[in-house]
Amino acid sequence: MADTKKIRQPLSNTALLLTITVCTFFGMYILAMIIWGGGFLNPQQFFNLFNNNAYLIVIACGLTVVMITGGIDISVGGTIALITMTAVVFMEDHGGGILSSVLISLGIGLAIGLIQGCLVAYLKIQPFIVTLAGMFFTRGMTTIVSKVPRTAANEAFIALKDHYIHIPFIGTVAKNGNWIPSYIEVGVVIAVVVVIALWATLRWTRFGRNLYAVGGNSESALMLGINVQRTKFFAYVLCGVLAGIAGFVYLTHTGAGNASNASGAEMQAIASSIIGGTLLSGGVGSVVGTLFGVLSLKTINNIVVASGLREPYWQSITTGLMLCFFILLQSVILSHRKKKLGAMAL
Numbered sequence: 012m013a014d015t016k017k018i019r020q021p022l023s024n025t026a027l028l029l030t031i032t033v034c035t036f037f038g039m040y041i042l043a044m045i046i047w048g049g050g051f052l053n054p055q056q057f058f059n060l061f062n063n064n065a066y067l068i069v070i071a072c073g074l075t076v077v078m079i080t081g082g083i084d085i086s087v088g089g090t091i092a093l094i095t096m097t098a099v100v101f102m103e104d105h106g107g108g109i110l111s112s113v114l115i116s117l118g119i120g121l122a123i124g125l126i127q128g129c130l131v132a133y134l135k136i137q138p139f140i141v142t143l144a145g146m147f148f149t150r151g152m153t154t155i156v157s158k159v160p161r162t163a164a165n166e167a168f169i170a171l172k173d174h175y176i177h178i179p180f181i182g183t184v185a186k187n188g189n190w191i192p193s194y195i196e197v198g199v200v201i202a203v204v205v206v207i208a209l210w211a212t213l214r215w216t217r218f219g220r221n222l223y224a225v226g227g228n229s230e231s232a233l234m235l236g237i238n239v240q241r242t243k244f245f246a247y248v249l250c251g252v253l254a255g256i257a258g259f260v261y262l263t264h265t266g267a268g269n270a271s272n273a274s275g276a277e278m279q280a281i282a283s284s285i286i287g288g289t290l291l292s293g294g295v296g297s298v299v300g301t302l303f304g305v306l307s308l309k310t311i312n313n314i315v316v317a318s319g320l321r322e323p324y325w326q327s328i329t330t331g332l333m334l335c336f337f338i339l340l341q342s343v344i345l346s347h348r349k350k351k352l353g354a355m356a357l
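Heads up, the sequence shown is in my numbering, so the first residue is 12 and it goes up one at a time.
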């Protein structure tokens, strides 16, 4: 009786790029702890990566969904600015509460997602043009809502903003000997829930499989009976809703509305998605990879500051170099992988 050997299936492109991103992040952080020590050895600095960037994690996940279909959305930063300003004005000038502010935030994000989804999916206008118009519109509307920055003073909202969730058994000992526990903000919990929910959606639902199929080859997806237009439409709707969630998360972190809020956030979200293994060509991506993409991007910025290069342009330079490195790495690995799989097939 002949022995049968189980053929080991190679990792998918998404899983491979995710593995690279995760290893890169932990490698960078461990190296930073060894070389610079200081704040990198403080557990709170690690948790501050989440506290300061919870909103970015959420919108980067939205960008990942859209980019998997082969699209793009550069309006999310403006959407966050519009939401924060509208929510603050609503709470301060009209006596609104937290729940109604959340509903307004989701409503604004949903409306923008519906409009952009229709224009991209059904009218077949280029996503970059549609979302560029959305970016200008939302930034302009933010100024119309209020020409001056506004700060939330609603007592219930302030209590929510200042509520910290302590991490059991993790913290530091102060110079006076007191134990200082590490903490995360409420927005971090929301961001983690979003990542888990999207991960499950992309992995185990028909909608998730359709997103990858449309991004991989829309014509083949159409031949398989997938409604390509509807899939792209709901991808933009979902991205809009996530921008609405991110807007409220941003507000819980800053507590203020400003026309310049989340300036450049759309580019950081795109960069985080790419670093996390999402391909601009579509069909490959993971929200877990995007999460580690955000953490990697912000860790390299902290490393630059720890190195004594505190000027903002150094962070921009390192971000650009890191993005180029990951794009090149992805191209080389996937090209080599394609040739290897092709040779095995022969």
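The beta-carbon is built from N, C-alpha and C at its ideal position, and this holds for glycine as well.
Proximity of residue i and residue j at Cβ, strictly below 8 Å
| i | j | result |
| --- | --- | --- |
| Ile-195 | Phe-58 | yes |
| Thr-289 | Met-44 | no |
| Gly-48 | Gly-275 | no |
| Gly-266 | Gly-120 | no |
| Ala-122 | Ala-270 | no |
| Gly-258 | Thr-154 | no |
| Gly-293 | Gly-81 | yes |
| Gly-219 | Val-100 | no |
| Leu-134 | Ile-85 | no |
| Lys-243 | Val-159 | no |
From the options, residue whose alpha carbon lies closest to that of residue i
| i | options | result |
| --- | --- | --- |
| Met-102 | Ile-314, Ala-164, Leu-222 | Ala-164 |
| Gln-127 | Leu-27, Ser-23, Phe-245 | Phe-245 |
| Ile-178 | Ala-167, Ala-185, Ile-191 | Ile-191 |
| Val-316 | Val-252, Thr-329, Ile-286, Tyr-247 | Thr-329 |
| Met-152 | Phe-303, Ile-94, Gly-107 | Ile-94 |
| Cys-72 | Glu-277, His-347, Leu-114 | Glu-277 |
| Tyr-66 | Leu-345, Tyr-324, Thr-301 | Thr-301 |
| Gly-108 | Ala-224, Phe-168, Leu-209, Ile-176 | Phe-168 |
| Met-146 | Ala-185, Ile-83, Ala-132, Leu-134 | Ile-83 |
| Met-39 | Gly-50, Val-248, Val-76, Ile-311 | Ile-311 |
| Met-96 | Pro-323, Tyr-261, Gly-294, Arg-241 | Tyr-261 |
| Asn-62 | Asp-173, Tyr-223, Leu-291 | Asp-173 |
| Val-113 | Ile-201, Thr-212, Tyr-324, Leu-291 | Ile-201 |
| Cys-335 | Ile-140, Asn-313, Gly-287, Asp-104 | Gly-287 |
| Val-76 | Ile-181, Arg-161, Ser-284, Ala-170 | Ser-284 |
| Leu-308 | Gln-279, Arg-321, Asp-104, Val-159 | Gln-279 |
| Phe-303 | Gly-227, Ser-23, Val-69 | Val-69 |
| Val-295 | Gln-341, Trp-215, Ala-170, Asn-187 | Gln-341 |
| Glu-166 | Gly-106, Thr-216, Ala-208, Pro-138 | Gly-106 |
| Pro-54 | Ile-176, Leu-209, Ile-181 | Ile-181 |
| Ser-23 | Tyr-223, Leu-320, Thr-35 | Tyr-223 |
| Asp-104 | Phe-139, Leu-117, Val-141, Ser-157 | Ser-157 |
| Leu-60 | Leu-110, Asn-313, Gln-326 | Asn-313 |
Identity of the residues DSSP links to residue i by a beta bridge
| i | result |
| --- | --- |
| Ala-267 | Thr-162 |
Whole-angstrom C-beta distance between residue j and residue i, which should lie under 8 Å
| i | j | result |
| --- | --- | --- |
| Thr-263 | Val-197 | 6 Å |
| Val-298 | Asn-64 | Wrong, their Cβ atoms sit about 15 Å apart, outside the cutoff. |
| Val-225 | Val-239 | 5 Å |
| Leu-74 | Ile-281 | 6 Å |
Legend entry - Unbroken stretches of the alpha helix (DSSP H), 4 residues or longer, contained in the segment 158-224: Within the segment 158-224, the complete alpha helix (DSSP H) runs of at least 4 residues are 166-172, 197-215.
Legend entry - Every unbroken alpha helix (DSSP H) inside the segment 85-112 [4 residues or more]: The qualifying runs are 87-104.
Inset, instruction - Please go through the segment 252-299 and give each complete alpha helix (DSSP H) segment of 4 or more residues, from N-terminal end onward. - result: Qualifying alpha helix (DSSP H) stretches, in chain order: 276-286.
Inset, instruction - Identify every run of the alpha helix (DSSP H) within the segment 22-78, keeping only runs that are complete inside it and at least 4 residues long; order them along the chain. - result: Qualifying alpha helix (DSSP H) stretches, in chain order: 24-46, 54-62.
Legend entry - Contained alpha helix (DSSP H) runs [length at least 4] in the segment 107-143, N- to C-terminal order: Correct list: 109-128.
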